[in-house]
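> If you read the sequence shown in my numbering, its first letter stands for residue 97, the second for the next number, and so on. Sending over a structure as structure tokens; questions will come in a sec.
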Amino acid sequence: MSEQEQEQEQERAQMQVKERQRYEQGFLDCRNVQVSIALQEWGVPVELLYYNAWESTCSVYEHLYVNKKLPWLYESPCLVPSELGLIGVAYDEVQYATYEDADTILQDVDYSEQAAFLWIVCGESPYVKPGFYGHPESVHSVWVQGLSSTSSLDSELADCTAGAGYWVRDTYPEFEGFVSETDFRRMVDSPYVHLEDRQVFLVRRPERNDSAGKGQIMERFLERQRGLHDDATFYDMICRTVNQPEPEFFPEWTELYDCHSHAFKFLAGSRYAYSCFVETLVSSEHPWVRQLRDIARRADKLKNVFLMAAQSGRVDGQVVHRMCTELYRLEQEWLASGHVELGREAQLRR
Numbered sequence: 097m098s099e100q101e102q103e104q105e106q107e108r109a110q111m112q113v114k115e116r117q118r119y120e121q122g123f124l125d126c127r128n129v130q131v132s133i134a135l136q137e138w139g140v141p142v143e144l145l146y147y148n149a150w151e152s153t154c155s156v157y158e159h160l161y162v163n164k165k166l167p168w169l170y171e172s173p174c175l176v177p178s179e180l181g182l183i184g185v186a187y188d189e190v191q192y193a194t195y196e197d198a199d200t201i202l203q204d205v206d207y208s209e210q211a212a213f214l215w216i217v218c219g220e221s222p223y224v225k226p227g228f229y230g231h232p233e234s235v236h237s238v239w240v241q242g243l244s245s246t247s248s249l250d251s252e253l254a255d256c257t258a259g260a261g262y263w264v265r266d267t268y269p270e271f272e273g274f275v276s277e278t279d280f281r282r283m284v285d286s287p288y289v290h291l292e293d294r295q296v297f298l299v300r301r302p303e304r305n306d307s308a309g310k311g312q313i314m315e316r317f318l319e320r321q322r323g324l325h326d327d328a329t330f331y332d333m334i335c336r337t338v339n340q341p342e343p344e345f346f347p348e349w350t351e352l353y354d355c356h357s358h359a360f361k362f363l364a365g366s367r368y369a370y371s372c373f374v375e376t377l378v379s380s381e382h383p384w385v386r387q388l389r390d391i392a393r394r395a396d397k398l399k400n401v402f403l404m405a406a407q408s409g410r411v412d413g414q415v416v417h418r419m420c421t422e423l424y425r426l427e428q429e430w431l432a433s434g435h436v437e438l439g440r441e442a443q444l445r446r
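The following block contains the structure:
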């Protein structure tokens with residue numbers, strides 16, 4: 097392979113990583129996005145824990161439209177901490193009461209072998225522009241990657257004059273840099289960070305990356321498969337609501353369209369994450385993977401349609417109807433064929 101071909105291959109790989117992480121951010125909560133990235137960077141096969149990433153549209157419909165809960169409060173079973181052991185990853189949840197307690201814990205972390213995550217309050221992030229978060233009092237996860245005194249970070253922190261602090265990484269918005277002790281104290285000690293959220297979540301880098309309990313994961317996947325049911329309720333609702341004279345579920349069209357955009361963002365991420373699990377069983381070029389990613393990208397296009405509609409207050413109902421009908425057809429086609437064949441493949445891997 098020539099040098100130019102190697103560069104092109106690297107660029108393609110980087111684009112694939114960015115695409116994957118963009119979809120993951122639409123599906124996983126902020127904490128799990130960060131944990132997943134840490135594990136990916138360590139070479140841990142976190143994709144195996146995406147075995148339950150395919151979410152029923154009925155569940156999404158109930159969460160967003162029936163119960164009218166915030167999108168990021170959806171309780172997906174995907175990548176729950178209790179399953180990290182299935183891929184050979186150990187973790188600790190260390191409780192703290194005050195900033196001083198949290199600082200003591202962070203001082204003892206070996207950042208070359210551990211990843212540390214904390215819940216902070218959105219509105220106190222110094223690197224976020226005012227108004228970026230719609231709910232500034234909500235909690236949000238940040239990834240602490242080191243201290244200002246860490247030798248590997250000295251060159252990066254040479255220009256910082258705020259004294260002691262932390263090297264922080266965030267994924268929403270994307271940020272990697274120094275946060276002073278003063279700012280971090282406000283982020284951590286806010287009264288909006290409740291006692292049950294005051295934990296340092298420590299993930300340990302495994303000594304080996306080939307210690308995944310694939311047999312157990314396949315068993316759980318097959319159990320999940322048996323309980324997965326879906327119907328046309330969600331897609332029928334989308335087609336109905338965009339062709340009515342008055343908005344349904346919400347008093348304003350813009351609110352309804354915004355909710356629709358969140359629903360399709362979540363579904364797009366769900367299908368893409370699921371394709372990553374499927375890829376671990378077959379290959380990146382397998383028709384199943386291409387089929388699932390086609391579904392994910394079509395859902396992503398509908399997300400974009402409704403994002404624009406939320407700004408303009410208008411949408412072409414016929415276009416949405418056509419896109420939804422095709423997406424529903426593809427999902428049902430997958431559930432009737434690829435989904436079944438994948439189950440047979442998983443049985444062979446037990």
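Idealized CB from N, CA, C, for every residue including glycine.
Just tell me which of V378, H356, Q407, C335 has its CA closest to the CA of Q414.
With distances taken between Cα atoms, Q414 lies closest to C335.
> Within the continuous beta strand (DSSP E) that includes K346, where are the two ends?
For the sequence presented, residue 346 should be read as Phe rather than Lys. No beta strand (DSSP E) contains F346, which DSSP labels as neither H nor E.
> What first and last residue would you give for the beta strand (DSSP E) that runs through R127?
Premise fails: R127 lies in the alpha helix (DSSP H), 126 to 137, not in any beta strand (DSSP E).
> With a CB to CB cut of under 6 Å and the five nearest residues on each side skipped, what residues in its chain are close to L363?
Contacts found: A395.
> Just confirm the distance between the C-beta atoms of E209 and G219, as a whole number of angstroms; I'd bet it's less than 8 Å.
The pair is not a contact, with the Cβ atoms about 33 Å apart (cut-off 8 Å).
> Answer yes or no: do S237 and C126 have a C-beta to C-beta separation smaller than 8 Å?
Going by C-beta atoms, S237 is nearer than 8 Å to C126.
> Would you kindly report the start and end of the unbroken beta strand (DSSP E) that includes L236?
For clarity, residue 236 is His in the given sequence; the question names Leu instead. Here the beta strand (DSSP E) through H236 covers 235 to 243.
> Please report how far the alpha carbon of L443 lies from the alpha carbon of G181, in whole angstroms.
Position check: residue 443 holds Gln in this sequence, whereas Leu was assumed. Spanning the two alpha carbons is a distance of roughly 21 Å.
> Per DSSP, which residues does Q295 bridge with? Please list them.
Its beta-bridge partners are Q191.
> Return the CA-CA distance between N339 and L352, expressed in angstroms with no decimal places.
Those two C-alpha atoms are separated by around 13 Å.
> What's the gap between the Cα of R320 and the Cα of K164?
Cα to Cα, R320 sits roughly 26 Å from K164.
> At which residues does the alpha helix (DSSP H) containing D396 begin and terminate?
Element bounds for D396: 383 to 408.
> Grab me the residues of M283's own chain with a C-beta within less than 6 Å of its C-beta, minus the 5 sequence neighbours each way, in chain order.
Counting only Cβ-Cβ distances below 6 Å, and skipping sequence neighbours, we find I216, E220.
> In or out: S247 buried (at least 16 other Cβ within 10 Å) or exposed?
Low per-residue confidence applies at S247: pLDDT is 39, beneath 50, and the placement is therefore not dependable, though the value from the model is reported in the following sentence. It is exposed - the Cβ of S247 has fewer than 16 other Cβ atoms within 10 Å.
> Verify whether the separation of the beta carbon atoms of P341 and W349 is less than 8 Å.
Cβ distance not < 8 Å, so P341 and W349 don't count as in contact.
> Which word fits T194, buried or exposed, when buried means at least 16 other C-beta atoms lie within 10 angstroms of its C-beta?
Exposed.
> Can you name the start and end residues of the beta strand (DSSP E) that D266 belongs to?
That run of the beta strand (DSSP E) goes 261 to 267.
> Would you say Y146 and F345 are within 8 Å of each other, going by their C-beta atoms?
Result no, Cβ atoms of Y146 and F345 do not sit closer than 8 Å.
> When you compare only the Cα positions, how much space is there between S122 and T153?
For the sequence presented, residue 122 should be read as Gly rather than Ser. Rounded to whole angstroms, G122 to T153 spans 15 Å at the Cα level.
> DSSP three-state call for L214: helix, strand or coil?
Reduced to three states, the DSSP call for L214 is strand.
> Any chance the CB of Q203 is under 7 Å from a heavy atom of the ligand ATP?
By its list of ligands, the structure shown contains no ligand whatsoever, and the ligand ATP lies outside what it can speak to.
> Just reading off the beta strand (DSSP E) that S276 is part of, what are its end residues?
270 to 276 is the span of the beta strand (DSSP E), which, as asked, contains S276.
> Sort Q241, M111, V224 by Cα distance to W263 and report the nearest one.
Residue Q241 is the option with its Cα nearest to W263.
> Applying the criterion that 16 or more other CB atoms from any shown protein chain within 10 Å of the CB defines a buried residue, is T337 buried or exposed?
Answer is buried; the Cβ neighbour count reaches 16.
> Could you give the DSSP three-state label for R367: helix, strand or coil?
It is helical.
> Assign D332 to buried or exposed, taking buried as 16 or more other Cβ atoms, counted over all protein chains shown, within 10 Å of its Cβ.
Burial call: exposed.
> Sort K399, V436, E441, G365 by Cα distance to Y50 and report the nearest one.
This structure gives no information on residue 50, because the portion of the chain shown stretches from 97 to 446.
> Does R389 pass the burial test, meaning 16 or more other C-beta atoms within 10 Å, or should it be called exposed?
Buried, because 16 or more other Cβ atoms sit within 10 Å of the Cβ of R389.
> Quick one: Cα of V190 to Cα of F317, how far?
Cα-Cα distance, rounded: 30 Å.
> Please identify the residue among S155, S178, T421 whose C-alpha is closest to the C-alpha of P167.
The shortest C-alpha separation from P167 is found at S155.
> Is the beta carbon of A211 closer than 8 Å to that of W239?
Yes, they are a contact pair.
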